[in-house]
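Chains A and B, in that order, give the protein sequences. If you count by the numbering used here, then the first sequence holds residues 1 to 272, one letter each, in order. If you count by the numbering used here, then the second sequence holds residues 1001 to 1375, one letter each, in order. Built from N, CA and C at the ideal position, the CB exists for glycine as well. What follows is a single structure, written as structure tokens, with notes after it.
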Amino acid sequence: MSHATGIQYLKDGTLPHMWCPGCGIGVMLGALLRAFEELAYEPKDTVVVTGIGCTGKSDDYLVTNALHTTHGRALPFATGIKAFNPKLHVVVLMGDGDSVNIGGNHFLHAARRNMDLTAIVINNFNFGMTGGQFSGTTPSGAFSQTSVYGNPERGLNISALADVAGANYVARETPYHGWELKERIKEALSKKGFSLVEVISPCPTHFGKNNQMKETRDMLHWLQEKGLPVDAYERLSPSEREGCFAVGKLVDRDAPDFNTSYEEMRRRAIGG
Amino acid sequence: MGRQMELMQGNQAIAEGAFYAGARFYAGYPITPSSEIAEECSRKLPLLGGIYMQMEDEIASMAAIVGASLAGAKSFTATSGPGFSLMQENLGLAVMGEVPCVVIDVQRRGPSTGLSTKPAQGDIMQLRWGRHGDQVVIALCPATVSECFHLTVTAFNFAEKFRVPVILSPDEIVGHMRETFRVPDPGAVTVIDRKKPTGPPESYRPFAADQDGIAPLAAYGGDYVFHVSSSMHGPEGCSNNDPANAAWRIEQLHRKIEMHRDEIVITKTFDTGDADVLFVAFGATTRASRAAALELRKQRIKAGVLQLITLWPFADREVAALGGRARTVIVPEMNYSGQVAGEVQRVLGSGADIRRVNSYNGQIITPQDILKVTR
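Right, dumping it as structure tokens:
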């Protein structure tokens, strides 16, 4: 039995990629490209929109259409593309800083508007490209290049934010759960409306090094240990949940997406 | 069946001009004194098969019109000072990615929130230099309701032809002024569409310019697969940090405007043939200057008006030709710093008799205000 590799979506001559050993972005990109293959996406019908940061470099490796945008703004660029041409598959790749620090407002409203986009967020709890500063998802007390005494702020739950903002589909996986990650991405791509796959991701270079997980294997153990299937996570008491996170499908609903609602409005407008 | 003569507001004429030019995507965030453009778009675009999107802020509005343009739309947004400031970052991406689109900045008095309902011409330098980095844009400025319509069509034509963002910058007076106007019949005014690629899809390079300095632009979803990047990129659109490539890109972005300078720089003249006194005016100061010039003619002083329709690139040649012949050049503008007067001074040199008339209290400049400096 043959398995999808997604290699036909990878641009010739671009490997090895630029990400650090142990980084989760390559695993995410591999899962995305395999999902493309399994869904038989055509490069010409697919637009990958990226922001700025480590994850924002992903478009350099792809043979699909691509738009490499400004920091935090990938979602509204993608919104314009999808609103004008609903036939396109529009995928948005962002990091945690990109999506919910500088881009938090856009994230909220893309989900609220239920734009038919698939957002994949690599959440590695720090600004990696700029050297490992704390981000909006860095846990309280964690160490980074700008929180050497422990982060005084609290970390944001990206998936929960997408849920309350109205996303039709929300899932969380990790590069440790590679097959599941690909399956969740496929579900997200297939879902009409705003879908989010949050990828809790190792960054041994910065986050791990500063937080007692210097080696990649330490970070993978951490993902294995703390990433619990949704039902197992939900059985835990609030105190037991501390430091853990649920993986799997978190939200799945079918509210009408922006383009569908807009066409309904247009019919009302023309009708009288 | 043509349209009737209507009593039309400047902002409404801008929206009509956009529809006439084929704009079918608007994304914006409401702000005084530009909101009528959004309202008009929200009513008409659904009926025209287009999309009206109300975004979460002006940053997103600018992003959305760039995205829609790359999906094949003629797209635009409208705002005023505070929103225009927020748009600068992604306006820079439109320059870098050579993405056709139109931005309307209906100027109001700042700084900051300022006098949100009052007119100003204080954004002239922001139009030119508002973005970081090193780039040029085209900025046009209407003075009448008719010009609001026609220059919006021109703005789209320039955007499409030269693959650039174009800014139209009326002041609040012109945006809210009402005059009789009849929307021209379809076909009566030239409408230009972007140049599309025609060769084999596998050899399409979205930043490889033709002889005219402009590369054809495909649309996402067609046969031509392509990359657009805010980062420095090569002719194929992918990241490229090579110094020679960076120099080539920056030169290309500048040269395509320089090559077509004579087509882009538009001015109008009124009685300038023998003018000893030359008014250099734009937007709402044009009418006041023309009234002042007529008054001076009654007093047998040879006065004329050079109206700058294109603010950027600056009309160096036109100002030099007419200003060089005049004894006195008067630049009325609704700002304290003399943003256009400074440019006129740069062109004519420090020895020229250049007189400034500035209003910065949110009030219009009257012919009487202008005539004071001619004595």
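Check: Buried or exposed (CB count within 10 angstroms, at least 16 for buried), valine 148 of chain A; Outcome: exposed
Check: Helix, strand or coil at serine 1075 of chain B [DSSP, three-state]; Outcome: strand
Check: CB of valine 197 of chain A within 8 Å of CB of threonine 137 of chain A, strictly; Outcome: no
Check: Serine 1239 of chain B vs aspartate 60 of chain A beta-carbon contact at 8 Å; Outcome: yes
Check: Cβ neighbours of alanine 31 of chain A in the same chain (closer than 6 Å, five flanking residues each side left out); Outcome: Leu181, Lys182 and Ile185
Check: Any chain A beta carbon closer than 8 Å to leucine 1007 of chain B; Outcome: no
Check: Where tryptophan 222 of chain A falls, given that 16 or more other Cβ within 10 Å makes a residue buried; Outcome: buried
Check: Contact with chain A by phenylalanine 1226 of chain B, beta-carbon distance below 8 Å; Outcome: yes
Check: Simplified DSSP state of threonine 1267 of chain B, which is helix, strand or coil; Outcome: strand
Check: Through-space distance from alanine 1155 of chain B to arginine 1377 of chain B, alpha-carbon basis; Outcome: What the structure shows of chain B is the stretch from 1001 to 1375, and residue 1377 of chain B is not part of that stretch, so it cannot be assessed.
Check: 8 Å Cβ cutoff met for cysteine 244 of chain A and lysine 226 of chain A; Outcome: yes
Check: Listed by chain order, chain B residues near lysine 44 of chain A by CB distance under 9 Å; Outcome: Pro1201, Tyr1220, Gly1221, Gly1222, Asp1223, Tyr1224 and Val1225
Check: Proximal residues of chain A, C-beta to C-beta of leucine 1294 of chain B below 8 Å; Outcome: The contacting residues do not exist; leucine 1294 of chain B stays about 47 Å from chain A at best.
Check: Environment of histidine 177 of chain A [buried if 16+ CB atoms lie within 10 Å]; Outcome: buried
Check: Exposure of isoleucine 1330 of chain B, with buried meaning 16 or more beta-carbon neighbours within 10 Å; Outcome: buried
Check: From B:Phe1084, B:Ser1085, B:Glu1058 and B:Ala1078, residue whose alpha carbon lies closest to that of phenylalanine 77 of chain A; Outcome: B:Glu1058
Check: Proximity below 8 Å, CB of alanine 1288 of chain B to CB of isoleucine 1370 of chain B; Outcome: yes
Check: Inter-stretch contact (C-beta, 8 Å, three-pair minimum) for the region 1115 to 1123 of chain B and the region 1152 to 1166 of chain B; Outcome: no
Check: Boundaries of the beta strand (DSSP E) in which leucine 1091 of chain B is found, first to last residue; Outcome: Run containing leucine 1091 of chain B: none in the beta strand (DSSP E); it sits in the alpha helix (DSSP H), 1081 to 1096.
Check: 8 Å Cβ cutoff met for methionine 94 of chain A and phenylalanine 194 of chain A; Outcome: no
Check: Pair within 8 Å by beta-carbon distance, arginine 1453 of chain B and methionine 1005 of chain B; Outcome: The structure shown does not extend to residue 1453 of chain B, since chain B spans only 1001 to 1375, so no value can be given for it.
Check: Spatial distance of alanine 1283 of chain B from proline 1332 of chain B (CA atoms); Outcome: Note that residue 1283 of chain B is glycine in the sequence shown, not alanine. Straight-line Cα distance between these residues: approximately 10 Å.
Check: Short CB-CB distance (under 8 Å) between tyrosine 9 of chain A and chain B; Outcome: no
Check: Closest by C-alpha distance to glutamate 234 of chain A, when choosing among A:Ala246, A:Ala4 and A:Ala165; Outcome: A:Ala246
Check: Classification of aspartate 96 of chain A by the beta-carbon crowding that lies within 10 angstroms, buried from 16 upward; Outcome: buried
Check: Candidates B:Asp1274, B:Phe1270 and B:Leu1322, of which the one nearest threonine 1286 of chain B by Cα; Outcome: B:Phe1270
Check: Partners in chain A for proline 951 of chain B, counting only beta-carbon separations shorter than 7 Å; Outcome: Outside the shown range of chain B (1001 to 1375) lies residue 951 of chain B, about which nothing can therefore be said.
Check: Within-8 Å CB hit, asparagine 275 of chain A to chain B; Outcome: Residue 275 of chain A is absent from the model: chain A starts at 1 and stops at 272.
Check: Meets three-Cβ-pair contact criterion under 8 Å: the region 1088 to 1107 of chain B and the region 103 to 111 of chain A; Outcome: no
Check: Span of the alpha helix (DSSP H) around asparagine 1240 of chain B; Outcome: Counting along the chain, asparagine 1240 of chain B falls outside any alpha helix (DSSP H), and DSSP gives it neither H nor E.
Check: Valine 1265 of chain B beta carbon less than 8 Å from that of alanine 1303 of chain B; Outcome: no
Check: Isoleucine 1037 of chain B at chain A interface by Cβ criterion, 8 Å; Outcome: no
Check: Valine 1225 of chain B, DSSP secondary structure in three states; Outcome: coil
Check: Positions along the region 62 to 86 of chain A whose CB lies within less than 9 Å of some CB in chain B; Outcome: Leu62, Val63, Thr64, Asn65, Ala66, Leu67, His68, Thr69, Thr70, His71, Gly72, Arg73, Ala74, Leu75, Pro76, Phe77, Ala78, Thr79, Gly80, Ile81, Lys82, Ala83, Phe84 and Asn85
Check: Cutoff 7 Å; reference glycine 346 of chain A; Cβ partners in own chain excluding five residues on either side; Outcome: With chain A represented from 1 up to 272, any question about residue 346 of chain A goes unanswered, as that position is not in the structure.
Check: Beta-carbon separation (whole angstroms), asparagine 1358 of chain B vs glycine 1338 of chain B, contact threshold 8 Å; Outcome: 6 Å
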